[in-house]
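Colleague: Here it is, the structure in full.
6 protein chains.
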Amino acid sequence: MAMFDLSLDKLREYRPDVAAPADLVDFWRRSIEKARTDELAASFTEVDNKLAVIDTYDVTYAGFGGAPIKGWLHVPAGATGPLPTVVQYHGYSGGRGFPHATNLWAQAGYAHFVMDTRGQGYSAGGPSNTADDSAYAGLNHTPGFMTAGISDPETYYYRRVYIDAVRALEAVRTSPFVDPDKIVVTGGSQGGGISIAAAGLAGLAGINLLGCAPDVPFLCHFQRAVEITDKEPYAEITRYLKGFRDQVEPVYRTLGYFDGVNLGSLATAPALFSVALMDQTCPPSTVYAAYNSYGTSSGVEVGKDMKVYSHNNHEGGQTYQQDAQLDWFASVFGTTS
Amino acid sequence: MAMFDLSLDKLREYRPDVAAPADLVDFWRRSIEKARTDELAASFTEVDNKLAVIDTYDVTYAGFGGAPIKGWLHVPAGATGPLPTVVQYHGYSGGRGFPHATNLWAQAGYAHFVMDTRGQGYSAGGPSNTADDSAYAGLNHTPGFMTAGISDPETYYYRRVYIDAVRALEAVRTSPFVDPDKIVVTGGSQGGGISIAAAGLAGLAGINLLGCAPDVPFLCHFQRAVEITDKEPYAEITRYLKGFRDQVEPVYRTLGYFDGVNLGSLATAPALFSVALMDQTCPPSTVYAAYNSYGTSSGVEVGKDMKVYSHNNHEGGQTYQQDAQLDWFASVFGTTS
Amino acid sequence: MAMFDLSLDKLREYRPDVAAPADLVDFWRRSIEKARTDELAASFTEVDNKLAVIDTYDVTYAGFGGAPIKGWLHVPAGATGPLPTVVQYHGYSGGRGFPHATNLWAQAGYAHFVMDTRGQGYSAGGPSNTADDSAYAGLNHTPGFMTAGISDPETYYYRRVYIDAVRALEAVRTSPFVDPDKIVVTGGSQGGGISIAAAGLAGLAGINLLGCAPDVPFLCHFQRAVEITDKEPYAEITRYLKGFRDQVEPVYRTLGYFDGVNLGSLATAPALFSVALMDQTCPPSTVYAAYNSYGTSSGVEVGKDMKVYSHNNHEGGQTYQQDAQLDWFASVFGTTS
Amino acid sequence: MAMFDLSLDKLREYRPDVAAPADLVDFWRRSIEKARTDELAASFTEVDNKLAVIDTYDVTYAGFGGAPIKGWLHVPAGATGPLPTVVQYHGYSGGRGFPHATNLWAQAGYAHFVMDTRGQGYSAGGPSNTADDSAYAGLNHTPGFMTAGISDPETYYYRRVYIDAVRALEAVRTSPFVDPDKIVVTGGSQGGGISIAAAGLAGLAGINLLGCAPDVPFLCHFQRAVEITDKEPYAEITRYLKGFRDQVEPVYRTLGYFDGVNLGSLATAPALFSVALMDQTCPPSTVYAAYNSYGTSSGVEVGKDMKVYSHNNHEGGQTYQQDAQLDWFASVFGTTS
Amino acid sequence: MAMFDLSLDKLREYRPDVAAPADLVDFWRRSIEKARTDELAASFTEVDNKLAVIDTYDVTYAGFGGAPIKGWLHVPAGATGPLPTVVQYHGYSGGRGFPHATNLWAQAGYAHFVMDTRGQGYSAGGPSNTADDSAYAGLNHTPGFMTAGISDPETYYYRRVYIDAVRALEAVRTSPFVDPDKIVVTGGSQGGGISIAAAGLAGLAGINLLGCAPDVPFLCHFQRAVEITDKEPYAEITRYLKGFRDQVEPVYRTLGYFDGVNLGSLATAPALFSVALMDQTCPPSTVYAAYNSYGTSSGVEVGKDMKVYSHNNHEGGQTYQQDAQLDWFASVFGTTS
Amino acid sequence: MAMFDLSLDKLREYRPDVAAPADLVDFWRRSIEKARTDELAASFTEVDNKLAVIDTYDVTYAGFGGAPIKGWLHVPAGATGPLPTVVQYHGYSGGRGFPHATNLWAQAGYAHFVMDTRGQGYSAGGPSNTADDSAYAGLNHTPGFMTAGISDPETYYYRRVYIDAVRALEAVRTSPFVDPDKIVVTGGSQGGGISIAAAGLAGLAGINLLGCAPDVPFLCHFQRAVEITDKEPYAEITRYLKGFRDQVEPVYRTLGYFDGVNLGSLATAPALFSVALMDQTCPPSTVYAAYNSYGTSSGVEVGKDMKVYSHNNHEGGQTYQQDAQLDWFASVFGTTS
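Protein chains in written order, with full-length UniProt numbering: chain C, 1 to 337; chain R, 1 to 337; chain B, 1 to 337; chain U, 1 to 337; chain Z, 1 to 337; chain W, 1 to 337.
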C-alpha cells in the first residue's frame with residue numbers, strides 16, 4: 001500500500017479526540033496500589049551467558065496479582081554500579097529469550113533490563129517463560145492477547161502487562177547495579193506502547209524517569225488503527241467485534257484506559273519517538289496521535305522528538321534508530337563523551 | 001494445492017503409528033474422576049428463541065474444574081421426551097450463538113444439544129459466553145488455543161475441553177427430554193475431533209453412545225498435520241515449535257494423550273465419518289488415520305463408514321453430509337419412517 | 001483494507017447521482033407484460049425433507065421467457081395456511097439446495113419460499129437445477145453471470161432474474177399456504193439486490209408487499225462498486241471492460257436499468273437494510289446509495305431502517321441480522337407475541 | 001511451486017489410462033453429421049487492417065447448430081493463392097481481436113486463419129463477437145465455460161467448439177487463397193487443446209491435415225489436472241464438483257469424450273507439441289499424457305516431436321516456440337528455403 | 001484496488017511540482033556531448049527472420065560510454081527507403097528478442113527500429129544481448145536496475161539508457177531505409193518513459209521528431225509513484241530507501257534529472273499518450289503529471305492527446321492503442337490513405 | 001507448505017550427483033592467483049562505535065580484481081590480541097551496516113570480522129558501501145545478483161564474492177588482533193554458502209581454518225533448489241532461464257563451479273551446519289546435499305555435525321543456533337571455560 005495514511009504535513013498536526021475515561025488516573029492509581037499488596041520480591045541471580053564482556057542476571061519479581069515476572073539484567077562485565085539503566089519491553093510475541101541476546105545497552109555501558117511479556121514469548125522461545133497467571137486469562141477471546149478480558153478494564157490483559165512494566169521499574173531500582181534516578185524506558189511496537197504507558201504511569205508510582213524512547217509504538221489510538229489497517233495484531237480486535245457485533249461500545253470503552261494517546265499525555269519524561277510512514281502494522285497516524293498528545297496533560301513542558309522513516313514499513317528505523325538512541329541516551333544520561 | 005495428500009487408495013490403508021502413551025486410559029480415568037469431584041449441577045431454563053416450531057433451553061453445567069459450561073438444548077415445540085438426542089460440538093472459533101440458530105436435529109424430531117467450547121465462541125458471537133476458567137489458561141502460548149498449556153497433558157487446554165464434552169453427555173442425560181440410552185455425538189472439524197474423543201471416553205465414563213458422526217475431524221494425527229499443511233489452526237503448533245525449538249518432544253508427547261487416532265481407538269459406538277480429499281485444514285490422511293484406528297482397541301467389532309468428498313476443501317460435505325446424517329441417525333435411532 | 005470507503009457520517013448523507021434511464025418504468029412494464037404471455041403454471045409437490053417439524057413443497061413456475069424456475073416452499077408441519085410469507089432470493093452462486101436446508105422463516109411460523117437463481121446454484125449443489133433457458137445466455141461474456149448479455153438491457157441476464165423474482169411473488173400467491181397480502185422479500189448480497197428490485201417492481205406488477213429486508217445488497221451503484229473494489233463478482237464487469245474497452249458507455253447504460261439505486265426508489269414497502277462497513281464485496285457506499293434512494297420516487301412516505309455492522313466484511317450481520325429480522329417480520333406481519 | 005509434477009524422465013513414459021467412451025468415434029461422427037445439416041455458408045469480406053504488407057478478410061461460417069462463427073483470414077498483401085495455410089485457435093478468453101493483430105503466419109507467407117471461440121473473446125475485446133448460440137449455454141454452471149452443459153456430452157460447451165473448429169477447416173478450404181491439401185492447425189493452451197481435437201476429428205470429417213502444433217495444450221487428462229493443480233480454468237471443474245458433489249461420475253464421463261488424450265489418439269497428422277515443466281495451468285503430465293497418446297489409435301505411424309521448456313510456467317516457449325514452428329511449418333509445407 | 005488514484009477530473013488538472021534541477025539542460029547537453037566522443041559506428045547487417053513480407057537488419061551502434069547497443073531494423077520486404085520510421089523502446093525487462101517478433105510498424109509500411117535496453121532483455125530472451133557496459137553498473141543497489149548508481153546523476157543507470165535512446169535516433173538516421181525527417185518514438189511502460197526522455201532530449205541533440213507516443217509511461221513523477229504504489233519496479237526505489245534510510249534527499253535529487261515530468265516539458269514533437277485508470281504499476285497521476293507537463297517548457301505550442309483506458313491495469317490499451325497509433329502515425333507521417 | 005522436501009531419514013542419506021567440472025580446482029587456483037596480482041593492502045582504522053565494551057575498526061582490502069572491499073573488525077574493548085577470530089559473511093542483501101551492530105563474537109571474547117558483500121548491502125543500509133567493481137557487473141541479468149555474468153564461470157558474480165571471502169581471511173591475518181592459526185568462518189543463508197566456499201578454497205590459498213559454521217546455507221545444489229522452490233533468490237535463476245530458454249546447459253555448467261556441494265567437498269575444517277526442515281528459501285535437501293558432501297574430497301577425515309530445526313522456515317535456529325555456536329567455537333578455539 002506504499003503510503004496509505006495521512007501525509008506527513010497532516011500527521012504533524014494530527015490531534016484526534018480519543019475519549020479518555022473520567023476515572024483514568026483513578027483506575028491506574030488503584031491498579032498500582034492493588035499490585036503493591038503483593039511483595040515485590042525482586043531476585044537477581046547471575047547466569048552463564050557465554051559472553052566475555054557482559055554479565056547477566058536472571059531476574060524475578062512480583063507483577064500484577066503477584067504473578068512471577070521474569071527478565072534479564074545485563075551489565076558490562078565486572079561493573080559494580082550504580083549505572084544509568086535502560087528498561088526494555090518487547091514487541092508482540094517476543095520474550096527475553098537467551099541471555100546472550102538483546103543486550104545492546106549493556107554494550108553501551110549501561111545496565112540493561114529486558115522484561116518478559118506475560119503469556120507471550122513464543123517468538124523468542126528459549127527461557128521466555130512468564131505465564132499470564134490470572135483468573136481472567138481464559139475469558140472468551142480471539143486468538144492472541146489483544147482481546148483477552150477486553151469486556152472490562154479490570155479484566156483486560158494489558159492492565160496486567162502495564163502494571164508489570166511499572167513493577168519492573170520498581171524491581172530494577174532495588175538492584176545495586178542500577179542508579180534509581182537514571183532510568184529510561186524503551187521498546188519497539190508493543191514494547192513502544194508499553195514504554196509510553198510506563199512513562200505515563202511512572203509518576204503515579206512515584207518514579208522519575210529520565211526518558212522514554214518508543215519505536216513505531218503499538219497500542220495507540222486503537223479505533224483509528226482498526227479502521228485503517230487489517231494487519232495483525234490490531235486485527236484481533238476487528239475479529240472480536242466481527243463476531244461479538246454488539247460489543248463495539250464496551251470494547252472501545254475498555255481500550256480508552258489503555259490507549260497510548262491517553263496514558264502518554266500524563267508523562268513527564270522527555271521522549272524520542274520513531275515512526276515509519278509506510279507502517280501498516282502501527283499506522284503513522286496512530287503513532288503521531290500518541291506523539292502529539294505525549295506529555296500534554298502532565299502540567300509540565302515535556303521535550304520530545306520524532307524520527308521519521310519515510311520509506312519503511314513496521315521494521316521502522318532498526319539500526320538507524322539504535323544509532324540515534326545511542327546518542328540520545330548518552331545525552332539524557334549525561335554520558336556523552 | 002488441489003489434492004496434495006495420499007491417493008484415496010493409500011488413504012484407505014493408511015494406518016500410521018501414532019505413539020499412544022502407556023497411561024493413556026489412566027490419565028483419562030483420572031481426569032473424569034477429578035471432574036466428578038465438582039457437582040454436575042446441570043440447569044435447564046427455557047428461553048424465547050423467537051421460533052414457532054422449536055423450543056430452546058439455556059443449559060449450564062459444571063465442566064472440568066467446575067467451570068460453568070453453557071449450551072442450548074433444542075427440542076420440537078411441545079415435545080415432552082424422552083427423545084433420541086444429538087449432542088453437537090463446535091468447530092474451532094465457534095460457540096452456541098443465538099438460540100434461533102443451529103437446531104437442525106431438533107427440526108428432525110430429536111433433542112439437540114450444542115455445547116460452548118470454553119474460551120472460544122468469537123466467530124459465533126452473541127451468547128457464546130463460556131470462559132476457559134482455569135489457572136492454566138494463561139501459560140505461554142501462541143495466539144489461539146492449540147498450544148495453551150501444551151507442555152504437559154495435565155495443563156493442556158483440550159484436557160478441559162474433552163472432559164467438558166463428556167460432562168455434556170452426563171448433563172443432557174439428566175434432562176427429561178433426553179432418552180439417556182439414545183445419544184449420538186457429532187460435529188465438524190474441531191467438533192469432529194471432540195466427537196471422536198467423547199466417543200472414546202464415553203466408555204470410561206460409563207456412558208453408552210449409539211453413534212458418533214465426526215465430519216472432517218480436527219485434532220487427529222497432529223504430527224502428520226503439522227508436517228503436511230501450514231493452515232490454521234494446526235499451524236499454531238508449528239508456530240509454537242518454531243519459537244520453542246527445544247520443545248518438540250514434550251509437545252508431541254502431550255498431544256499423544258489428545259490425538260483422535262488414540263482416543264477413537266477406544267470407542268465402541270458405530271461411526272459415520274466424512275473426509276474431503278482437498279482439505280488443507282484437516283488433511284485427509286489425518287482423518288483416515290483416525291478412521292482406520294477408530295474402535296480398534298475397544299475389544300468389540302465397531303461398525304463404521306466414511307463419506308468421501310473428492311473435490312472439497314475443509315467445507316467438506318455440508319448439506320450433503322447433513323442429508324446422509326439425517327438418514328444415518330434415523331437408522332441408528334430406529335426412527336426411519 | 002479495514003474501512004476503505006466513506007465514513008459512516010458521510011455514508012448517511014451519500015446520495016450519488018446514478019443515471020436512471022428515461023424509460024426505466026416502461027422497460028420494466030414491458031418486461032412484466034412479456035413474461036405474462038407465458039402461463040405461470042405454478043405447481044407445488046410435497047417432498048420428503050427428512051424433517052419432523054417442517055413440510056416442504058417442490059415448486060415450479062414459468063419465469064421470464066417461460067423458463068421453468070424451481071424453488072422450495074417450506075411451512076410448519078401440518079400448517080394449513082394462509083400464512084404470512086417470506087420470499088427469499090439467493091446470494092450469487094447459491095441455489096435452493098437440499099429441502100432440509102434454508103427454512104428459518106418456516107421455523108418461525110411463516111411460509112418460506114426460496115427461489116433458484118437461473119444458471120447458478122453451483123455452490124449449493126444438490127437439487128439446484130434451474131437453467132438460464134434463454135437465447136441470450138451464450139452472448140460473449142466474462143466468466144460468471146454479471147456480463148451475460150450486458151450490451152443491451154433487453155438481453156441482460158438480470159432482466160430475466162428480476163422478472164423471475166416478480167413471478168415468484170405471483171407464484172406463491174397461488175398457494176393456499178400463502179396469505180397474498182402478507183408477503184415480504186429478503187435475501188443477502190445478490191439476494192438483497194434482487195429483493196430491492198422485487199420491491200421496486202412489485203407495484204408495477206400490482207402486488208403489495210409488506211416489507212423488504214435486503215442484507216448487504218449487491219447490484220447497487222454498479223459504477224461506484226467497480227471503481228472502489230476489485231472483488232468478485234463486481235470485478236466481472238471490470239474484466240469485461242478491460243477487454244471490451246470501447247463498451248464502457250453502453251455497459252453502464254444497460255446497468256442503469258438494473259441498479260438497485262434506481263429500482264429501489266420505486267418501492268413502497270417498508271424496508272430493513274443491513275450494511276457492513278468493511279464489506280469489500282458490496283462496499284458500504286453502494287449499499288447506502290440504495291438505502292438513501294429507497295422509496296424516494298414512489299410518491300409515498302416509506303419507512304426504512306439500516307442495521308450497521310461496523311467491523312464486518314461481506315458476511316455482514318448473519319445471526320445478528322436474523323435476530324433483528326425475526327423481530328421485524330413479526331412486527332410487519334403483526335405476529336409479535 | 002517450481003517443478004511440482006513428475007520428473008522429465010517419468011513424463012516421457014507417462015501413459016495414463018484415460019477412459020475413452022466406447023462410442024467416442026460414433027459420438028463425433030454424429031456430431032459432424034449434425035453440423036453438416038446446416039449449410040456452411042462461408043463468406044470472406046476484405047477489411048481495412050491498416051497494414052501495408054498483409055491483407056485481411058472478415059470470415060463468417062456456420063458452426064455447430066448453425067451458429068455464425070467469425071474469424072479473420074490474413075494473407076500476404078497481393079497474394080492470390082492457393083497458399084499453405086495455418087489455422088489457429090485461441091487460448092481461453094481470447095478472440096480474433098483487431099484485424100491488425102495475430103497474423104504471424106501470414107507474415108511468413110502463408111494464409112493464416114484465426115477462429116473466434118464462441119462466447120469467449122473478452123480478453124481480446126474489439127471485434128471478438130461470436131456468441132455461443134445454443135439452447136444449452138444457460139445450463140447450470142460455474143463462472144466460465146468449462147462446466148457449461150457438462151452433465152451430458154450432447155450439451156457440453158466444447159462439443160460446439162470442437163465442431164466449430166472442424167467447420168473452420170471446411171470453411172477455409174472454400175477460399176481461393178487456401179491450398180486445401182496444405183493445412184496445419186495450431187494454438188496455445190485452449191487453442192492447443194482444440195488443435196488436438198481438430199487433428200483427431202479431421203479424419204472423421206474427411207480432411208487431411210499436414211500438421212498439428214499444439215503449445216502447452218489445455219483440455220487434456222482433465223481428472224489429473226483437477227487433482228494436481230488449483231489454477232483456472234481447470235479449477236472451474238473443481239468448483240462445480242465442490243458444489244454438485246454427486247456429479248463426479250457423470251462429469252468425468254462427459255469429459256472422456258473431449259479429452260485430448262482420447263481425441264488426439266485418432267490423429268494422423270504429424271505433430272509438434274510444446275510443454276513447460278513449471279506449468280501450473282496445464283501441468284506437464286497432462287500434456288505428456290496427450291503427447292504420448294497422440295496418433296496411437298490412428299492405425300498409422302505418426303511423426304511427433306516435443307519441445308520442452310524446463311523453467312517456464314504456462315507462458316511456455318512463446319517466441320522460441322514460434323521460431324521452432326517457423327522452421328517446422330516450412331518443413332511440413334515444403335517451403336524451406 | 002480498482003481505481004485507487006485521483007479521479008479523472010482531478011487527473012486532468014494534476015500539475016504537481018516536481019523539482020527540476022537548475023542544471024537539467026546542462027547535464028543532458030554534457031551527457032550528449034560526452035557520448036559523441038565515441039564514434040557512432042552504426043552497422044546494419046541483414047539476418048534471416050524467417051518471414052516473407054518483412055526484412056530485418058541486425059543493428060549495432062555506440063551508446064553511452066561507447067557501449068555497443070543492439071537492435072533490429074525491420075522494413076517491408078524489398079523496400080528501398082527512405083521510409084517514415086518508428087523507433088520503439090522496450091518495457092522493463094524486455095529486449096529485442098527474436099527477429100521475427102515486434103515488427104508491427106514495418107507491417108504498416110514503415111521502417112521500425114527496436115532498441116535493446118542495456119543489461120535487461122531477460123524477459124524476451126533470445127538475442128537480447130546488450131550489456132550495461134559501465135564502471136557504475138556494480139554500485140550498491142537493490143535487485144533490478146532502478147537504483148543502480150542512483151546516488152548521483154552522473155552514475156545513474158538511466159543516464160546511460162536515455163543517451164542510448166538518443167543515439168538510436170542518430171544511428172537510424174544513417175540508414176538509407178530511414179527518412180531522417182520522419183521519425184517518431186514510441187514504447188510502453190519503461191519504453192514510454194524513454195520515449196518521453198528521447199522527445200525531450202532530441203532537441204538538445206539537434207534532431208527533429210515528428211511524434212512521441214508513450215503508452216502508460218514509467219519513469220514519471222517518481223516520488224508520487226513510490227508513495228502511492230508498492231508494485232515493481234518503482235518499489236525497487238522504496239526498497240533502496242528502506243535500507244539506506246539517510247539517502248532520501250540525494251536519491252530524489254538524482255531522479256529529478258530523469259523524471260519524465262521534467263524531461264518531457266522540453267519536448268516539441270506532438271504526442272499521443274495513453275493512461276490506464278487502474279494502473280498500479282504506473283499510477284495514472286504519474287502519467288498525467290508527465291502529460292500535463294509535456295512540451296510546456298519548450299517555448300512552442302505542442303499538440304498532444306491522451307487515450308484513457310478506464311478499466312485497465314498496466315496492460316493499458318494494447319491492441320486498441322495500436323489501432324489508435326496506426327491512425328495517428330499515418331496522420332503524422334502524412335501517409336493516411 | 002509445511003514440510004515439502006524429503007523426510008529427515010532420506011535427507012540424512014541424500015547424496016545427489018552434482019556434476020563437478022573437471023577443472024574445478026584449477027579454475028579456483030587460477031582465480032586466487034589472479035586476485036593476488038593485486039596487492040592486498042589491508043587497512044584497519046578505529047571508528048567510534050558508540051559502545052563501551054567493544055572496539056571497532058574500519059577495514060578495507062583488495063578483493064577480486066583489486067576492488068576495495070569493506071568490513072568491520074570488532075574486538076573486546078582494550079583487547080590486544082592475538083585472539084581467536086570469527087569471520088562472518090552476510091545473508092543475501094545484507095551488509096556490514098552500522099559499527100554498533102553484529103558483533104556477537106567480539107562479545108564472546110573473540111575478534112569478529114564482518115565482510116561486505118559487493119554490490120549488496122541494501123537491507124542493512126548505513127555504511128554498507130562496497131561496490132561490485134567489475135566490468136562484468138552489467139552483463140544481462142535478471143533483477144538481483146544471482147545471474148550477473150552467469151553465462152561463464154569467469155564472469156559470474158560469485159567468482160568475485162568467493163575470492164573476496166578468501167581475501168578476507170588473508171586480510172584479517174595481517175591484523176595484530178588476529179591469531180592467524182585460530183580462524184573460523186560462519187554465516188547464515190548466503191553467508192553460509194560463502195562460508196562453505198571459503199572453507200573449500202582456504203586450502204588452495206594455503207590457509208588453515210579451525211572451523212566452518214554455515215547456517216541454513218544458500219548456494220548449494222542449485223538445480224535441485226530451482227526445481228523444488230519458487231522463493232527468492234534462487235528464483236532469480238528460474239526467471240533468467242524462463243527468458244533465456246536456450247541457456248539451461250551453460251547456466252548449470254557455470255553453477256557447477258560455485259555449488260557448495262562441490263566446493264565444500266574440498267574442505268578440511270570441522271563443520272557445524274544447521275538446517276530447517278520447513279525452509280522454503282534454502283530447502284533442506286540442498287543443505288543436506290552440501291552437508292553430506294562436505295569434506296569428502298579432501299582426503300582427510302573431517303568432523304561435522306548438523307543442528308536440525310524441525311519446525312522452522314528460513315529463519316532457522318537463530319538464537320538457538322548462536323547458543324550452539326557459542327559452545328562449539330569455544331570448543332574449537334579451546335576457550336571453553
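Idealized CB from N, CA, C, for every residue including glycine. The structure displayed is predicted, hence computed values, not measured ones.
1. A330 (chain B) lies in the alpha helix (DSSP H); which residues open and close that run?
2. Nearest chain B C-beta to M3 (chain Z) closer than 9 Å, yes or no?
3. Relative to the alpha-carbon of D17 (chain R), which residue among R:W28, R:A290 and R:T254 has its alpha-carbon at the smallest distance?
4. With a threshold of 8 Å on Cβ separation, who are the neighbours of Q88 (chain R) within its own chain once the five nearest residues in sequence on each side are excluded?
5. Please determine, among R:A225, R:G211 and R:P250, the residue with the shortest C-alpha to C-alpha distance to P84 (chain R).
6. Mind checking whether T60 (chain R) and A42 (chain R) have CB atoms under 9 Å apart?
7. If you reduce the DSSP assignment to three classes, tell me which class E154 (chain U) lands in.
8. In the DSSP assignment, the alpha helix (DSSP H) including A19 (chain R) goes from what residue to what residue?
9. Could you check the C-alpha separation between A276 (chain U) and F4 (chain U) for me, to the nearest Å?
10. I want to see whether chain Z comes within less than 9 Å of K50 (chain U), judged by CB atoms only; does it?
11. On the three-state DSSP scale, how would you describe V47 (chain B)?
12. Which first and last residues belong to the alpha helix (DSSP H) in which A290 (chain U) is found?
13. So, does the CB of E46 (chain B) fall closer than 9 Å to a CB anywhere in chain C?
Modeller: On the basis of the data shown:
1. Element bounds for A330 (chain B): T319 to F333.
2. By this cut-off, M3 (chain Z) is an interface position.
3. The closest CA to that of D17 (chain R), considering only R:W28, R:A290 and R:T254, is found on R:A290.
4. Cβ neighbours of Q88 (chain R) beyond the five flanking positions: T102, W105, H112, F113, V114, M115, V185, T186, G187 and G191.
5. For the options R:A225, R:G211 and R:P250, the alpha carbon positioned closest to that of P84 (chain R) is the one of R:G211.
6. Remark: C-beta atoms of T60 (chain R) and A42 (chain R) approach each other more closely than 9 Å.
7. If DSSP states are grouped into helix, strand and coil, E154 (chain U) belongs with coil.
8. According to the DSSP assignment, A19 (chain R) belongs to no alpha helix (DSSP H), since it is labelled neither H nor E.
9. Here the alpha carbons of F4 (chain U) and A276 (chain U) stand approximately 12 Å from one another.
10. Flagged as an interface residue toward chain Z: K50 (chain U), by a C-beta distance shorter than 9 Å.
11. Under the three-state reduction of DSSP output, V47 (chain B) falls in the strand class.
12. Counting along the chain, the alpha helix (DSSP H) containing A290 (chain U) begins and ends at P284 to S293.
13. Not closer than 9 Å to any Cβ of chain C, the Cβ of E46 (chain B) fails to qualify, so no.
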